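Quick note: the sequence shown uses my numbering, first residue 36, plus one each step.
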Amino acid sequence: MKSILALAVWLLLPLATFAQILKPVTWSYKPAKTTAKVGEVIELRFTANVQTGYHIYSSDVNPKIDGPLPTVIKLNPNKSFELVGKVKPVSKVETKYEEVFEGDTYVMHGAAQFSQRIKILSDKPIIEGNVDYQVCTDKDGQCIPGNEDFAITGLVVSAPTTATTAVASTPTEASAVTKPTSETEVAAATPAPALTATEAVKAEEPTVKEAVKIPDLSVEGTKNTPQDSLGGFLLAAFLSGLVALLTPCVFPIIPATVSFFTNQQGGMWKAFLYGAFIIGIYVLIGTVVSRFNGPAFANFVSTHWLPNLIFFATFFIFGLSFLGLFEIVLPNSLINNADARSEKGGIAGIFFMAFTLVLVSFSCTGPIVGSLLVASAGGEVVKPILGMAAFSSAFAIPFTLFAAFPQWMKSLPRSGGWLNSVKVVLGFIELALALKFLSIADQVYHWHLLDREVFLAIWIVIFALVGFYFLGKLRLPHDSEVKFISVQKLLLAIATFSFVVYMIPGLWGAPLKALSGYLPPETSQDFNLHGKFSNGAQQSPGLAGSGPIRHADLFHLPHGLQGFFDYKQALAYSKKVNKPVFIDFTGHGCVNCREMEARVWSDPAVLSRLQNDFVVLALYVDDKTDLPEAEWYTSTYDQKVKKTIGSQNADLQITKYNNNAQPHYCLVNSDGKLLVAPKNYDRDIANFVAFLDSGKAKF
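This is how it looks when you write it as structure tokens:
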């Protein structure tokens, strides 16, 4: 449904999901065998376990193109060994034509393995080095460069014997080591060393790396949604700049500002310099904001109550300002000083003219700029800078063009009450969008102040008021009397009231899929007409004998599903009923998670499988509920004490399943071992059904 909300999202884009650190490749390093003799030539194995949906580039390069970053493995020089040959790829290498490089590139998927042969010169070899690589998505070509140090240990070296050296140097062994064409042949070409008891136990434990090798399932990587897309954010920032031009603080001053350039010598280049200074000032603002961002800050703003309440208050205050309750203005002395310096002429004068424009228009542009900066405050460094560049480019275009071509001013429409109407509508939209941040804090901390029906009720009232405003039935400060309704306003009123009517059934449980990413989850609603209550009190036959469900007072599954919220309890029940476990790593503030639940889980083919074939386990990674002190532990990943439900679930996802993104779906057996490759955000129902079926078959 195309509605005024869609326009609001594109213009202001208050993202509720924030940047997360993804690591689509993990490396392992080991010698081909654990024992060797001085003088023997051995093989070192370097394995890049690449997540499905990504590829890594081979160590071989195409000399005919200036191509991508290849995988470069360097061993630090040391007297305890010497290199024999160079690094070679030993698993499957695919040729892929890439238009951007105008030629073929060599890529590797899954478990990409490389080999380097060395000659042992000491009984205590020191084998250390560094690997440089680049991993890219198969979908859109976005790439992540990587660099990490390594040290190969576990090699026991004894005194040399002539026989061993001779065998190691034979052509037969050399060909077996350097010429296999698949991972299977690599394993077959090298005798497996005897394992110790500890190694044998570890060898039996499946990891994400093993699951990636499963050939019968095509799993896609994490997809970017419009909310996450940098391109979508930049488009929203650019459109916001255009909207800012239509506010009463900006539009009327266009003629007065550009008159400075009329009949001046060198007016053309001065006009473009003026536009460049406007862009530069806003980019500077984005640069300052980016300095405060980072991964830790991203996690903080996405889950903690304090930043979300600050963002809520910011949007709320901006909304009231647009509605006319007060004006956000800067001190007159600051504006007067900048204006006085602009009269001195020259390049400095042009800069201060641009600076004066930014200051004077702040009461209208400030709320929009602030909204964009809030939307980009997710740990990104580049995003605030690019957002301000996109916003200011649109904002500077008319000033630059009218300054360069002043005769165009005659075609500029006159100022009027329509400017204030734009400002008022933006005020209502700011108020509506402010609720998203309050909702995130409300869900994470279980305040139950803004459950789904309350959230919807407020939105229905806000957008109904927008509709009445378009019809002239509502007047605010600075509004003139409306004698008739234009066709344009009538069409906007129809669209707004249509959106209101669409939302009303949601008060009684309608899923409202078009808004699934922005509304609180359906499970927060007390009642719906489908007869499904959200209090989790009902016990389906599938959970008979499970006993009390831990954390059922805090969390609920959508669509009437019955399941668990504690990892150990779900695995124990899985063993009892002999069903695989469907793990949903999710979050209260995860927009994509709500969208998957509303659009994919609700499909009958998916829902029936989750109900009948799996033990469903939802693990919230951002929940702040404290656990009993007896359950606290120190993470092996970051050496921090994990005290809350969310921190322990997030740590489990990272340490056991090698991922930190949400949503993240894992199909495991009763011991928590992966059955197939995990799946992330994917709205293709057929793919998700195939994912569930493959896990069940593997189980």
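Note that CB positions come from ideal geometry on N, CA and C, so glycine has one too.
Remember, predicted model here, so these are calculated numbers, not experimental data.
> beta strand (DSSP E) containing Pro180: first to last residue?
Replying inline: 178-187
>> Between which residues of its own chain and Trp340 is the CB-CB distance below 6 Å, once the five residues before and five after are set aside?
In response: Ala476, Tyr480
> Once you ignore the five residues that flank Gln560 on each side, which residues in its own chain have a CB closer than 7 Å to its CB?
Replying inline: Hits under 7 Å: Asp486, Arg487, Glu488, Gly544, Ser569.
> When the distance is taken between beta carbons, is Gln151 closer than 8 Å to Leu110?
Replying inline: yes
> Alpha carbon to alpha carbon, how far is Leu589 from Asp673?
Replying inline: 27 Å
> Between Val142 and Tyr92, which are expected to be in contact by the criterion C-beta below 8 Å, what is the C-beta distance as a whole number of angstroms?
Replying inline: Right, the Cβ-Cβ distance comes to about 6 Å (below 8 Å), so this counts as a contact.
>> Can you tell me where the alpha helix (DSSP H) holding Leu499 begins and where it ends?
In response: Note on residue identity: the sequence assigns Ala, not Leu, to residue 499. 487-505 is the span of the alpha helix (DSSP H), which, as asked, contains Ala499.
>> If I follow the unbroken beta strand (DSSP E) through Ile618, where does it start and stop?
In response: Residues 616-621.
>> Please report the distance separating the alpha-carbon of Ser217 from that of Ala431.
In response: A caution first: Ser217 carries a pLDDT of 38, below 50, which makes its placement in the model unreliable, though a value can still be read off. Roughly 57 Å between the two C-alpha positions.
> Would you call the CB atoms of Asp686 and Ser670 closer than 8 Å?
Replying inline: yes
>> Please report the distance separating the alpha-carbon of Cys178 from that of Tyr89.
In response: 9 Å
>> On a Cα-Cα basis, can you pick out the residue from Ile385, Leu190, Ala146 that is closest to Lys159?
In response: If we check each option's Cα against that of Lys159, Leu190 comes out closest.
> How should Glu664 be labelled, buried or exposed, when 16 other C-beta atoms within 10 angstroms of its C-beta is the threshold for buried?
Replying inline: exposed
>> Using only the alpha-carbon positions, how far apart do Val125 and Ala721 sit?
In response: 34 Å
> Does the Cβ-Cβ distance between Lys458 and Ile385 come in under 8 Å?
Replying inline: Note that the C-beta distance between Lys458 and Ile385 is not below 8 Å.
> Does DSSP put Ser150 in a helix, a strand or coil?
Replying inline: strand
>> Count Cβ pairs between the region 609-621 and the region 638-655 that sit closer than 8 Å; are there 3 or more?
In response: yes
>> Can you check which of these residues, Phe726, Asn113, Gly181, is closest to Val170 by C-alpha distance?
In response: Gly181
> Between the Cα of Ala640 and the Cα atoms of Asp719, Phe600, Gln697, which residue gives the shortest distance?
Replying inline: Ranked by how close their Cα comes to the Cα of Ala640, the residues Asp719, Phe600, Gln697 have Asp719 in first place.
> Can we say the region 304-318 touches the region 423-430, given the rule of at least three CB pairs closer than 8 Å?
Replying inline: Three or more beta-carbon pairs drawn from the region 304-318 and the region 423-430 are found closer than 8 Å, and the two stretches are therefore classed as touching.
> Where does the unbroken alpha helix (DSSP H) through Lys675 begin, and where does it stop?
Replying inline: Unbroken run through Lys675: none, as it is neither H nor E.
>> According to DSSP, simplified to helix, strand and coil, what is Ala424?
In response: helix
> Is Phe519 buried or exposed, if buried means 16 or more other CB atoms sit within 10 Å of its CB?
Replying inline: When all chains shown are included, Phe519 counts as exposed.
> Nearest-angstrom Cα distance between Asp184 and Ala147?
Replying inline: 18 Å
>> Taking the straight line between their C-alpha atoms, what separation do you get for Val323 and Ser427?
In response: Taking the straight line joining both Cα atoms gives about 16 Å.
>> According to DSSP, simplified to helix, strand and coil, what is Glu163?
In response: strand
>> Taking the alpha carbon of His144 as the reference point, which residue from Lys114, Leu156, Pro59 has its own alpha carbon closest?
In response: Comparing C-alpha distances from His144 to each of Lys114, Leu156, Pro59 shows the shortest one belongs to Pro59.
> According to DSSP, is Gln169 helix, strand or coil?
Replying inline: strand
> Is DSSP giving Leu628 helix, strand or coil here?
Replying inline: Checking the sequence, you will find Cys at residue 628 rather than Leu. If DSSP states are grouped into helix, strand and coil, Cys628 belongs with the helices.
> Would Gln584 be called buried (16 or more neighbouring beta carbons within 10 Å of its own) or exposed?
Replying inline: For the record, residue 584 in the displayed sequence is Ile; it is not Gln. Buried, because 16 or more other Cβ atoms sit within 10 Å of the Cβ of Ile584.
> Is the region 353-361 in contact with the region 461-476, if contact means three or more CB pairs nearer than 8 Å?
Replying inline: yes
>> Let's see if you can read the secondary structure: which residues bound the alpha helix (DSSP H) around Phe347?
In response: 340-358
> Candidates Phe346, Ser193, Asn715: which alpha carbon is nearest Asn695's?
Replying inline: Asn715
>> With the cut-off set at 8 Å, would you say Ile161 and Ala71 are in Cβ contact?
In response: no
>> Here's the rule I'm using: 16 or more other beta-carbon atoms within 10 Å means buried, otherwise exposed. How should Ala528 be labelled?
In response: buried
> In its own chain, which residues sit with a C-beta less than 8 Å from the C-beta of Lys691, not counting the 5 before and 5 after it?
Replying inline: Gly707
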